[in-house]
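>
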Amino acid sequence: MAEASAAGRHWSLQRERGSLLLMRLTAFAARRFGRRLLSPVLHLIVLYFFLTGRQARRNIAQYHDYLADWSGRDELRPTTGRVFGQFMAFADCLLDRLDVWGGRLRLDQVQLLDPGSLRPQLVQGRQHGRGQILVGTHLGNLDVCRALAELGERVPLNVLVHTRHVAHFNRLLGEAGEQRLRLIQVSELDPALMLDLAQRLDRGEWLAIAGDRVPLHGGRSVAVDFLGHPAAFPQGPWLMAGLLRCPVNLMCCLKIDGRYQIHLERFIDDPAWARGQRDATIEGWVQRYAERLAQWCLLAPQQWFNFYAYWQPPAPQGEPDA
Amino acid sequence: MNAPASTALQQEIAQLIIDTLNLEDLTPADIPPEQPLFGQGLGLDSVDALELALALQKRYAIRIASDDKDARRHFATVASLAAFVETQQQAACAG
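Residue numbers (the numbering used here), protein chains in the order written: chain A, 4 to 325; chain B, 12 to 106.
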């Protein structure tokens, strides 16, 4: 990537600019004015981001190109219209998020695709001990997966996030009347955090974490092939799974023909590595995850909401000492 | 100075290290209390440390604070780990 300085801007820096302000603004406006009035305003804001965000436009065009190459489907090639469509899909996604927060997106409006019958396991988490890990993605609407908290009835869902604004988001969630969902800030895996997570799993609670964004600090990453090109993925979720020894599931929530579909599937039954095989084992999982992600991208090509430069070489790894 | 014979707790911790990290080809006797666990010694790394910390916390019902600046020192050897566990347990009883 030639213009690495701009292109290489890390998502966590890039997001600081608009996302929090935007969510705050829209959360307020949604309470105040409702979706119908808010929709044109938000679309205007996103139009502004489209017009001023040259780099984001390029990044999305690159994603479309790679997706077209990888799938051999030429109709997926980027055009201004298709790239713009991606931004509009994001505006739509933000509006839906507010509906989710406000409890206006009901469970019966969401289709659950759960071939491995994971939902009953989620519901039974409370009685039968062990919780599980859900690895999510920024393809589609991560927030609709919050409906899972409702699916799980009384089972709390802990969402692990990298943002420093956890307290703020938790307050927003609280205001929105959300109680089963807890955000936990994870910047680095440390013993106290691991113990806390292990105890939550033992109580039957579930942990959700995104598998497609590399944290800025203290993050181990691994580069695997994604849509035909090497991209860095975080090791964190998989290290966590191996250390906590609990089943890992993938989830993804796509809007297909105006209706949300939650895909929920078992990924690893008993994550563990042999001595000396940790890195290789994790790389294998991440590669398999990237392949699954690529297939999901084809189901909803315009809902890839990673607007930063995704295909970057991994940052040089210093061994973060114990 | 001769290496002192290891205590029961030290042996227990050496066994815990072996079980937790799948070091099947070792016995507690292969991990002398004063041998460094990381780097040049046993060759463990930071993820091993995390796995070990999790196992120790569960086994001995102690808690390792996330902002503990001395964590590195506690995890240096089996002997330092044993001393740390003892201190934590005493603190828990006292508290």
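By construction, the Cβ of each residue, glycine as well, lies at the ideal position given by its N, Cα and C atoms.
Everything numeric in this text was worked out from a predicted model, so none of it was measured.
Under three-state DSSP, which class holds residue 300/A?
Looking at residue 300/A - three-state DSSP - the assignment turns out to be helix.
> Count the other CB atoms, across all protein chains shown, that sit within 10 Å of the CB of residue 107/A; report buried if there are 16 or more and exposed otherwise.
exposed
> Cβ of residue 269/A within 8 angstroms of Cβ of residue 119/A?
yes
> Residue 62/B touches chain A at which residues, Cβ-Cβ below 7 angstroms?
The answer, in chain order, is 246.
> What is the C-beta distance between residue 136/A and residue 212/A, in whole angstroms, given that I count them as a contact (C-beta under 8 angstroms)?
7 angstroms
> Name the chain A residues whose beta carbon is nearer than 9 angstroms to that of residue 68/B?
What residue 68/B touches in chain A: 194, 195, 197, 198 and 201.
> Across the region 75-92 of chain B and the region 54-64 of chain B, are there enough close Cβ pairs to call them in contact, namely three or more that are closer than 8 angstroms?
With three or more CB-CB distances shorter than 8 angstroms, the region 75-92 of chain B counts as touching the region 54-64 of chain B.
> For the candidate residues 78/A, 142/A and 294/A, whose alpha-carbon lies nearest to that of residue 92/A?
Scanning 78/A, 142/A and 294/A for the CA closest to the CA of residue 92/A turns up 142/A.
> Is it right to say residue 104/B is buried, meaning 16 or more other beta carbons lie within 10 angstroms of its own, or is it exposed?
It counts as exposed.
> Assign residue 308/A to one of two classes, buried (16 or more other C-beta atoms within 10 Å of its C-beta) or exposed (fewer than that).
buried
> I need the DSSP call for residue 224/A, collapsed to helix, strand or coil.
strand
> Please specify which runs of the alpha helix (DSSP H), each continuous and at least 4 residues long, are wholly inside the region 61-139 of chain A, giving them in chain order.
83-104 and 121-127
> Short of 8 angstroms Cβ to Cβ, which residues in the region 271-286 of chain A face chain B?
277, 278 and 281
> Show which residues of chain B have a CB atom less than 9 angstroms away from the CB atom of residue 242/A.
Within 9 angstroms Cβ-Cβ: 58 and 61.
> For residue 60/A and residue 81/A, I'd like the C-alpha separation in whole angstroms.
Spanning the alpha carbons of residue 60/A and residue 81/A requires a straight line of approximately 10 angstroms.
> Pull up the distance between the alpha-carbon of residue 293/A and that of residue 20/B, whole angstroms please.
45 angstroms
> Determine, using beta carbons only, whether residue 32/B comes closer than 8 angstroms to chain A.
yes
> When the cut-off is 8 angstroms and only beta carbons count, does residue 76/B lie next to chain A?
yes
> Give the DSSP-derived three-state secondary structure of residue 75/B in the structure shown.
coil
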